[in-house]
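Down below is the structure, laid out as C-alpha cells.
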Amino acid sequence: LARWACLAPQRNTCLSPQSATLTLSLTLTPTPATLSLHLTLSWWRRSRMARKVALLIIDPQKDFHGGGSLAVTGADEDAARIAALVRGAGAAITSVYVTLDSHQRTHIAHGIFWRDAEGNPPSPFTTISAADVEAGKWTPVDESKLEHAKFYTKALEAGGRFQLLIWPEHCILGSPGHCVQDEVLAALHEWVDATRKEIRYVFKGQNVLTEMYSAIRAEVVQEDDPSTALNAGLIEELRAHDAVIVCGQAMSHCVNYTLRDIVGEVGEGEASKFKLLSDGASAVSGFEAQATQFVEDMRAKGVTVCSCEEAMS
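Okay, so the sequence shown: first residue is 38 according to my numbering, each after it adds one.
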C-alpha cells in the first residue's frame, strides 16, 4: 500500500510548488516494517521558477498599426492578442525585448533620398534596381552619395534577399509613429509593475545608408558603423533563455528576417526553443506569399508555430 502525505501544513495536496517536502510511506505487509522515503519538491519548485522565457516583440510601433503611415492589415488585432498574452503570462515572462524601427526622413529607402531626371522623387513602393542607378534613372538628391548608391544597390541585390524598395516614410525618430502601439505599451507597463524589470529596447535602422529589416544585422553592413554589424550580444541574451516567443510586425519583413537571422546564427539544434506566434504578426499587403513561405521555412527548421493562447504552454 502506497500512501502519499505532505509534511507541510494543510492537507494531502502534495503536488503544489508551495509544498516544501513530500513523504512517500510504503507499508509492506505482512511484516510490520515500514519504509519511509522523504522526497523533496524543492528541485521541482526551483526548476519551475528558473524557467527563463523571453518575449521578443518586433517593431510594435504606431506607424505599422491602424492610422499609421505604413499600416499593416491585421496589426491592430495582433496587438490586442499580444497585449493579452503579456497580461495573462505576467511574471512567467522573464525578459521582454522590443525592437524599434528608427529612421531619419533622409533614409535611403525613402523617396526624399532620390530623384529622377526631372527632379521628381519616386513614389512609395517603387523598386530601384542597381541597373536603374547605374543608368541614371534614379540618382541621390545629394550627389556626393552617388557612388554609395551604386555600391549599395549592387550589394543589396547580391545578398539575394532584396532589391531596393521605396517605402512610405515611417517610424521617424521623434514622431508619434515611432512610439509603441498604445495597447501593447499599456500591457508592457503592467509587466514592469509586476516584475520591476526593465524592457530591453533594441533600435534598428538609424543609419540612413543601409536598410535593416532584421534586428540582428543590416542588409549591407557599413564598416564605419558597428550598429549595422551582427548583434552577437542580443543573440547570446536570447540563447540564454529556455524559450523565446517571437511576434510583432510585419510577418513578411522584419519579423521574417529577424527570426531567420537568429535561427541562422544559433543553428537548427536550438531552433526548437523559439516560438513564432501565427496570430501575433501579419503581412504587409502584397507580400502575403513571403510571409507564408517564412512560416513554412521556420517550421521546417524546428521553430514552433503557435497561437498567442498557446505561447506559454
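For each residue, glycine too, the CB sits at the ideal point set by N, CA and C.
Open item on the list: Assuming the contact rule is C-beta atoms closer than 8 Å, L107 and P213 should be a hit. Round their C-beta distance to whole Å, please.
Closed with: Contact flag wrong, Cβ pair sits at about 13 Å.
TODO: Can you tell me which of C345, V135, K182, K89 puts its alpha carbon nearest to the alpha carbon of F150?
DONE: Considering only alpha carbons, the answer is K182.
TODO: Using a threshold of 8 Å, state whether the C-beta atoms of S344 and L313 are closer than that.
DONE: No. Outside cutoff.
TODO: Run through the stretch 129–208 for me and flag every whole beta strand (DSSP E) of 3 or more residues, listed as ranges in chain order.
DONE: Taking only runs of at least 3 residues, the beta strand (DSSP E) segments lying wholly in the stretch 129–208 are 132–138.
TODO: Can you check DSSP and say which residues form a bridge with A91?
DONE: The partner list for A91 (beta bridge, DSSP) reads S132, V281.
Open item on the list: What does the alpha-carbon distance come out to for the pair G197 and V257?
Closed with: Each residue's alpha carbon lies about 11 Å from the other.
Task: L296 in three-state terms, based on DSSP - done: In the structure shown, L296 adopts helical secondary structure according to DSSP, grouped into three states.
- [ ] Under 8 Å by Cβ, that's how I've got V178 and R152 pegged, so tell me the actual separation to the nearest angstrom.
- [x] With 8 Å as the limit, V178 and R152 qualify as a contact, their Cβ atoms being about 5 Å apart.
TODO: Indicate whether P97 and I119 have their beta-carbon atoms separated by less than 8 Å.
DONE: In contact: P97 and I119 (Cβ atoms closer than 8 Å).
Task: Cβ-Cβ distance between R276 and V303 below 8 Å - done: Note that the C-beta distance between R276 and V303 is below 8 Å.
TODO: Could you pull the start and end residues of the beta strand (DSSP E) that V342 belongs to?
DONE: Here the beta strand (DSSP E) through V342 covers 341–343.
Task: Cut-off 7 Å between Cβ atoms - residues of its own chain near T232, not counting five sequence neighbours on either side - done: A128.
Task: Range of the contiguous alpha helix (DSSP H) that encloses L225 - done: Element bounds for L225: 219–232.
TODO: Could you tell me which residues DSSP puts in a beta bridge with L313?
DONE: Residue pairing by DSSP puts L313 in a beta bridge opposite V283, V342.
Task: Distance between C291 and Q330 (C-alpha atoms, nearest Å) - done: The straight-line gap from Cα to Cα measures roughly 14 Å.
TODO: Please classify V303: does DSSP put it in a helix, a strand, or coil?
DONE: DSSP, read as helix, strand or coil, puts V303 in helix.
- [ ] Buried or exposed for D261, please, with buried defined as at least 16 other CB atoms from any protein chain shown within 10 angstroms of its CB.
- [x] By the neighbour-count criterion, in which a residue is buried when 16 or more other Cβ atoms sit within 10 angstroms of its Cβ, D261 is exposed.
Task: Where the alpha helix (DSSP H) containing R276 begins and where it ends - done: Per DSSP, R276 belongs to the alpha helix (DSSP H) from 269–276.
Task: Per-residue DSSP class, three states only, for Q98 - done: Strand.
Open item on the list: Quick check on this structure: which residue in V229, E220, T265 has the alpha carbon closest to the alpha carbon of F240?
Closed with: Of the candidates V229, E220, T265, the residue whose Cα lies closest to the Cα of F240 is T265.
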